[in-house]
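**Q** Below is one structure. I have some questions about it.
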Amino acid sequence: MDQQLIVFIEVVERKNFSRAAEALHMSQPAVSQYISNLEKELEVKLLERTNKYVQVNKAGKIVYQYAKSIVKDYEHMKILVSDIKNDPSGELKIGASYTIGEYLLPKILARLQQEYPRINPTVSIGNTEDIGTKLIYRDIDIALIEGNYSHPQIVTEQFATDDMYIIASAREPLLIETISSDYLAGHTWIIREEGSGTREMLEEFFKKNHITPARLISLGSTQTIKEGVESGLGISLLSDLTFKKELELNRIKKLPVDGTPIRRHFSIIKNQQEFYSKALQVFESLVQNIG
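Our numbering numbers the first residue of the sequence shown as 890 and each following residue consecutively.
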């Protein structure tokens, strides 16, 4: 691995030669020399320096992007070579959209820990769009999402189905057997943020049923949405994975709406490549057999 690239990445990310030197356990003059040598080799200036800060320029941004990719490829190569002679082990960076990450992934991780204790998982949870972007930039190794995410670099495989219902507070008066679109349109809807797979499904439901809600309130977590529904703030569309406890305690109820439950798929997404680590492969196998 080219030490110049490693040093350059540290300087760019820490925006300071002294902090980069400290992180790398090097002297500041040594860090400066590595950067100077890299700039001479590429015949272009990469950083704008002052006494107070270090700012990457346009050429530096290009080098930084490729340097990060080179370092990640090198680390991945070491893992694959180690896999040839060792059992599944090492760090596995997993991404998950909120519903899966909060309500399904813990069960999978428990099995992973039991069966492959030498694998060290780290988890990033976000909406589907954020998680897909992390995968493209290789900040994570594999992801589980509930929405649709398409990119030429990404391989997608469905692993489970999910039923979604429109829910309301258990205190919500209900005097009709089947709820009309007009009834739904007249209510406040509590919805997820843009980029969420749950938000995507709700918008499709609105469009299909020609519903324009009277009011929308956007909240960034499923737990907050459930609390809002329970308090009578509004109604929402959520996976039945997320409100089983509230349903049993009679805090939330499903509304009898034609076309529900809405069924969607949970998917595994990963970067398209020739080799995958053993840790990734065994995790994927556990996910596919989650039932």
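Each residue gets a CB set at the ideal place from its N, CA and C atoms; glycine is no exception.
Pull up the distance between the alpha-carbon of residue 901 and that of residue 1013, whole angstroms please.
**A** As a working mapping, residue 901 is identified with position 12 in the sequence shown. As a working mapping, residue 1013 is identified with position 124 in the sequence shown. Computed Cα separation, rounded: 23 angstroms.
**Q** Assuming residue 1058 and residue 986 make a contact with CB atoms under 8 angstroms, what is their CB distance in whole Å?
**A** To locate residue 1058, count along the sequence shown from 1; it is residue 169. To locate residue 986, count along the sequence shown from 1; it is residue 97. Wrong, their Cβ atoms sit about 26 angstroms apart, outside the cutoff.
**Q** Where does residue 970 land, buried or exposed, given buried means 16+ other C-beta within 10 angstroms?
**A** Numbered from its first residue, the sequence shown carries residue 970 at position 81. The residue in question, residue 970, is exposed, as its Cβ has fewer than 16 Cβ neighbours within 10 Å.
**Q** On the DSSP letters alone, give me the boundaries of the alpha helix (DSSP H) that residue 899 sits inside.
**A** Walking along the sequence shown from the start, residue 899 turns up at place 10. From DSSP, the alpha helix (DSSP H) with residue 899 extends over 892–903.
**Q** Can you tell which of 1155, 1141, 1107 and 1117 has its C-alpha closest to the C-alpha of residue 1052?
**A** Reading the sequence shown from its first residue, position 163 is the one you call residue 1052. When each option's Cα is compared against that of residue 1052, the closest is 1155.
**Q** Assuming residue 1007 and residue 1028 form a contact by the criterion Cβ under 8 angstroms, report the distance between their Cβ atoms to the nearest whole angstrom.
**A** Position 118 of the sequence shown holds residue 1007. Position 139 of the sequence shown holds residue 1028. Between residue 1028 and residue 1007 the Cβ distance is about 23 angstroms, and since that is not below 8 angstroms, they are no contact.
**Q** Can you check which of these residues, 908, 961, 1019 and 1089, is closest to residue 941 by C-alpha distance?
**A** In the sequence shown, counting from the first residue as 1, residue 941 sits at position 52. For the residues 908, 961, 1019 and 1089, the minimum Cα distance to residue 941 belongs to 908.
**Q** Go ahead and pull the three-state DSSP assignment for residue 1123.
**A** Counting from 1 along the sequence shown, the entry for residue 1123 is found at position 234. DSSP places residue 1123 in coil when its eight states are reduced to three.
**Q** Does the stretch 992–1000 come close enough to the stretch 1128–1138 to have 3 or more Cβ pairs within less than 8 angstroms?
**A** Contact holds: three or more Cβ-Cβ distances are below 8 angstroms.
**Q** Classify residue 914: buried if its beta carbon has 16 or more other beta carbons within 10 angstroms, exposed otherwise.
**A** Here residue 914 corresponds to residue number 25 of the sequence shown, with the count starting at 1. Under this definition residue 914 is an exposed residue.
**Q** Taking the Cβ atom as the reference point for each residue, do residue 898 and residue 953 lie within a distance shorter than 9 angstroms?
**A** Along the sequence shown, one-based indexing puts residue 898 at 9. Along the sequence shown, one-based indexing puts residue 953 at 64. Yes, these two residues count as a Cβ contact at 9 angstroms.
**Q** Please give the ranges of any beta strand (DSSP E) in the stretch 1023–1069, keeping only runs that are unbroken, at least 3 residues long and fully inside the region.
**A** Taking only runs of at least 3 residues, the beta strand (DSSP E) segments lying wholly in the stretch 1023–1069 are 1031–1034 and 1043–1058.
**Q** Using DSSP with H/G/I as helix, E/B as strand and the rest coil, what is residue 1077?
**A** Here residue 1077 corresponds to residue number 188 of the sequence shown, with the count starting at 1. Here residue 1077 sits in strand by DSSP.
**Q** What number of angstroms, rounded off, separates the C-alpha of residue 1110 from the C-alpha of residue 938?
**A** Residue numbering aside, residue 1110 sits at position 221 when the sequence shown is read from its first letter. Residue numbering aside, residue 938 sits at position 49 when the sequence shown is read from its first letter. Residue 1110 and residue 938: Cα-Cα distance of roughly 41 angstroms.
**Q** Whose C-beta lies closer than 7 angstroms to the C-beta of residue 1103 among residues of the same chain, with five residues either side of it excluded?
**A** Counting from one through the sequence shown, the residue named residue 1103 turns up at place 214. Excluding residues within five positions, the ones whose Cβ falls inside 7 angstroms are 1074, 1075, 1076 and 1077.
**Q** What separation, rounded to the nearest whole angstrom, lies between the Cα atoms of residue 1162 and residue 1025?
**A** Looking up residue 1162 in the sequence shown gives position 273. Looking up residue 1025 in the sequence shown gives position 136. Roughly 12 angstroms between the two C-alpha positions.
**Q** What are the boundary residues of the alpha helix (DSSP H) that residue 926 is part of?
**A** Locating residue 926 in the sequence shown gives position 37, counting from the first residue. Element bounds for residue 926: 917–931.
**Q** Looking at residue 978 and residue 1005, is the spacing between their C-beta atoms short of 9 angstroms?
**A** Taking the first residue of the sequence shown as position 1, residue 1005 is located at position 116. Taking the first residue of the sequence shown as position 1, residue 978 is located at position 89. Yes. Within cutoff.
**Q** How far does the beta strand (DSSP E) with residue 990 in it extend, from its first residue to its last?
**A** Along the sequence shown, read from residue 1 onward, the residue named residue 990 stands at position 101. Run containing residue 990: none in the beta strand (DSSP E); it sits in the alpha helix (DSSP H), 987–992.
**Q** Looking at the unbroken alpha helix (DSSP H) that takes in residue 908, where does it start and where does it end?
**A** In the sequence shown, counting from the first residue as 1, residue 908 sits at position 19. Residues 906–913.
**Q** Taking a contact to mean a Cβ-Cβ separation below 9 angstroms, would you say residue 1079 touches residue 1088 in this structure?
**A** The residue given as residue 1079 occupies position 190 in the sequence shown. The residue given as residue 1088 occupies position 199 in the sequence shown. No, the Cβ-Cβ distance between residue 1079 and residue 1088 is not below 9 angstroms.
**Q** At the level of alpha carbons, what is the spacing between residue 1090 and residue 930?
**A** In the sequence shown, residue 1090 corresponds to position 201, counting from 1. In the sequence shown, residue 930 corresponds to position 41, counting from 1. Near 51 angstroms, if we compare the C-alpha coordinates of residue 930 and residue 1090.
**Q** Rank 1068, 1046, 1000 and 1040 by C-alpha distance to the C-alpha of residue 1175 and give the top, closest one.
**A** For this step, residue 1175 is matched to residue 286 along the sequence shown. Per the Cα distances, 1000.
**Q** According to the neighbour-count rule (16 or more other Cβ atoms, all chains shown, within 10 Å of its Cβ), is residue 947 buried or exposed?
**A** As a position in the sequence shown, residue 947 is number 58, starting the count at 1. Residue 947 should be labelled exposed.
**Q** Between which residues of its own chain and residue 943 is the CB-CB distance below 7 angstroms, once the five residues before and five after are set aside?
**A** Reading the sequence shown from its first residue, position 54 is the one you call residue 943. The answer, listed in chain order, is 900, 904, 905, 906 and 936.
**Q** Determine the direct distance from the alpha carbon of residue 1101 to that of residue 1048, and round the result to whole angstroms.
**A** Reading the sequence shown from its first residue, position 159 is the one you call residue 1048. Reading the sequence shown from its first residue, position 212 is the one you call residue 1101. Whole-angstrom Cα-Cα distance: 33 angstroms.
**Q** Hey, quick one: how far does the beta strand (DSSP E) through residue 1011 stretch, first residue to last?
**A** Taking the first residue of the sequence shown as position 1, residue 1011 is located at position 122. Residues 1008–1015.
**Q** On the CB-based measure, 16 or more other CB atoms within 10 Å of its CB, does residue 1071 come out buried or exposed?
**A** Along the sequence shown, one-based indexing puts residue 1071 at 182. By the 10 Å Cβ count, residue 1071 comes out exposed.
**Q** Taking residue 1085 as the reference, which of 1107, 1158 and 1140 has the closest Cα?
**A** Numbered from 1 along the sequence shown, position 196 holds the residue referred to as residue 1085. The candidate whose alpha carbon is nearest that of residue 1085 is 1107.
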